[in-house]
Amino acid sequence: MAAFEYNVATITGRLLKATFVCLVIVFLCVVPAIARRSPSEPVELTLYPAKAPESAEKHRLLPKTYGQTDADAVPLYEKAVQSLPKNLDMNQVRQWLGTPLDKLPRQQVKSTLEKLEPALQLIEQAIKCKPRSWPQFVQGTLPPNLTEYRELGFVLAAKARLQIAERNYEQAIGTIQIGFAMAKHVGESPTVTQGMTGVAIAASMCRQLEQLIQAQDAPNIYLPLQELPRPLVDLNIPITVEMSNAKSSRQYNVIVRRALIRHLESSYTRIRLLMNRLDRHVAALQCVEALRLYAGAHDGKFPDKLSDVTEVVVPEDPVSKKPFVYRRTGSKAVLEAPAPNGATAKDAIKYRLILKE
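One gets the numbering used here by counting positions in the sequence shown from 1 and adding 1 to each.
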């Protein structure tokens, strides 16, 4: 009996340890070391009044679904990984993502992107594919190429950042579209670990949109943001797959399975917070674009309160299901959403908005 209890404890411990290691790696993928701000530090956006967009079609942030090919996207993503130069300095790429646009070493970025063109072309082919045959879930293991997929997302973000710096806004939106499409594809894996990599890629694209909407002559992207699905990267699908596999697995006895399920349920609570934080980021950007539209129709001024905006529907905070917190002081304003219950300060959103003429 003692030997049985020891074996159960040992197996449970090993299984939970493997699961914990996987989740730690996931969080490292989702929180890249680029341009980190302290939780209390707001993101400052300098904005210009904007004209109402004609339609969402012109500046789509996801490609159209019709016209997709029947080829499998996964081999193309794998080829893109294999096409990455062995001597690629990803630390340098991440540094560029935190460099102000006016200080970006454009020629150096261009030179690096030229070497990455084969990989970028493969990604562009992959997002046009309908089937995505990702490997099946295996308990306690990590899918392949997570680091490389995240790196490809950073490369796309760097390309968009360069295009914004050079005022090639149409091209930048096209690159961000590719990034969002790749994020959704990667996030469709039956494993939560890979799904979280998709969240990380999409979050990197949102940070480039923050740069885009500050450009004086950039198009307003309220409608394209409105067209994005919610959730943008749906982790409920792989969570359901993993929980179903854990409950039905005959690899472990009842005691081990119950311990695993309890551990997974606790971990998935935090993972859903990160998924929702991405949707909150998108909604906050859409709210900022609504404020720009209001300013464009009201002599270049911010509204006194969000309910004054009637040009478009101002989105609610998708986490709290309440309006974003908004305060105006002259040509400046603050837009924020506090951290939800069970989250940390870094899960809050706070924009300091400065309106220029």
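Cβ coordinates follow ideal geometry from the N, Cα and C atoms, glycine included.
A quick note: this is a predicted structure, and the numbers were derived from the prediction, not measured.
Practice problem: Take the Cβ of residue 176 as the centre, count every other Cβ of all protein chains shown within 10 Å, and call the residue buried at 16 or more, exposed below. | Solution: So residue 176 counts as buried.
Quiz prompt | Proximity winner among 349, 255 and 169, relative to residue 321 (alpha-carbon distances) | solution = 349
Quiz prompt | alpha helix (DSSP H) runs contained entirely in the stretch 128-181, provided each spans 4 or more residues | solution = 147-166
Quiz item: Would you report the Cα separation of residue 344 and residue 269, rounded to the nearest angstrom?
Solution: 13 Å
Quiz prompt | Start-to-end residues for the beta strand (DSSP E) that takes in residue 330 | solution = 326-330
Exercise. Report the three-state DSSP secondary structure of residue 216 (helix, strand or coil).
Key: coil
Self-check item: residue 316 versus residue 304: straight-line alpha-carbon distance, rounded
Solution: 15 Å
Quiz item: How long is the line joining the alpha carbons of residue 206 and residue 318, rounded to whole angstroms?
Solution: Distance between the alpha carbons of residue 206 and residue 318 is about 19 Å.
Practice problem: Could you tell me if the beta carbon of residue 65 falls within a distance shorter than 8 Å of some heavy atom in the ligand GTP? | Solution: Within the structure as shown, the ligand GTP is missing, as the structure has no ligands at all.
Self-check item: For residue 353, the first and last residue of its enclosing beta strand (DSSP E)
Solution: 350-356
Quiz item: Is DSSP giving residue 309 helix, strand or coil here?
Solution: Per DSSP, reduced to three states, the secondary structure at residue 309 is helical.
Quiz item: Over what stretch of residues does the beta strand (DSSP E) that includes residue 46 continue unbroken?
Solution: 44-48
Quiz item: In three-state terms, what does DSSP make of residue 289?
Solution: Annotated three-state conformation of residue 289 is helix, per DSSP.
Self-check item: Cβ separation of residue 130 and residue 70, assumed to be a contact under 8 Å, to the nearest whole Å
Solution: 5 Å
Quiz prompt | Span of the beta strand (DSSP E) around residue 333 | solution = Unbroken beta strand (DSSP E) run through residue 333: 333-338.
Quiz item: Which residue's Cα is closest to the Cα of residue 166: 323, 121, 254 and 110?
Solution: 110
Practice problem: May I have the straight-line CA-CA distance separating residue 298 from residue 128, to the nearest angstrom? | Solution: Their backbone Cα atoms lie some 37 Å apart in a straight line.
Quiz item: Hey, residue 234 and residue 199: beta-carbon distance below 9 Å or not?
Solution: Yes, Cβ-Cβ distance for residue 234 and residue 199 is below 9 Å.
Quiz item: On the premise that residue 144 lies in contact with residue 84, defined as a C-beta separation below 8 Å, what is that separation, rounded to the nearest angstrom?
Solution: Not a contact, Cβ separation roughly 19 Å.
Quiz item: Relative to the C-alpha of residue 59, which residue among 210, 164, 178 and 300 is closest?
Solution: 178
Quiz item: How would you write the range of the alpha helix (DSSP H) that residue 113 sits in, first residue to last?
Solution: 107-116
Exercise. Please name the residue or residues paired with residue 194 in a DSSP beta bridge.
Key: Beta-bridge pairing links residue 194 to no other residue.
Quiz item: With respect to the alpha helix (DSSP H) encompassing residue 96, which residues constitute its N-terminal and C-terminal limits?
Solution: Note, residue 96: alpha helix (DSSP H), 91-98.
Quiz item: For residue 354, which option in 229, 67 and 286 has the closest C-alpha, if you only look at C-alpha atoms?
Solution: 286
Quiz item: How about residue 201 and residue 151: are their beta carbons less than 9 Å apart?
Solution: Yes, Cβ-Cβ distance for residue 201 and residue 151 is below 9 Å.
Quiz item: Can you name, in chain order, every residue of its own chain whose Cβ lies under 6 Å from the Cβ of residue 126, other than the five neighbours on each side?
Solution: Sequence-distant partners of residue 126 (beyond 5 residues in either direction) whose C-beta falls short of 6 Å from its own C-beta, in its chain, are 77.
Quiz item: Taking all protein chains shown into account, do 16 or more other C-beta atoms lie within 10 angstroms of the C-beta of residue 67, making it buried, or fewer, making it exposed?
Solution: exposed
Practice problem: Check residue 323 in the structure and name its three-state DSSP category. | Solution: strand
Quiz prompt | At least three beta-carbon pairs within less than 8 Å, the stretch 210-220 to the stretch 252-264 | solution = no
Practice problem: Please go through the same chain and pick out, in chain order, the residues whose beta-carbon is closer than 6 Å to the beta-carbon of residue 310, but skip the five residues on each side of it. | Solution: 291, 295 and 304
Practice problem: Look at residue 280 and residue 232 and say whether their C-beta atoms are less than 9 Å apart. | Solution: yes
Quiz item: What do you reckon, are the CB atoms on residue 356 and residue 302 nearer than 9 Å?
Solution: In this structure, the beta-carbon distance from residue 356 to residue 302 falls below 9 Å.
Self-check item: Coarse secondary structure for residue 27, derived from DSSP in three states
Solution: In this predicted model, residue 27 has a pLDDT of only 47, less than 50, meaning its place in the structure is not dependable enough to derive any value.
Exercise. Return the residue from the list 265, 100, 194 and 49 that minimises the CA-CA distance to residue 137.
Key: Looking at the Cα atoms, 194 is the closest of the given residues.
Quiz item: Quick check: the stretch 86-99 against the stretch 157-166, are there 3 or more CB pairs under 8 Å?
Solution: yes
Quiz item: What does a CB cutoff of less than 6 Å around residue 308 pick up in its chain, not counting 5 residues either side in sequence?
Solution: none
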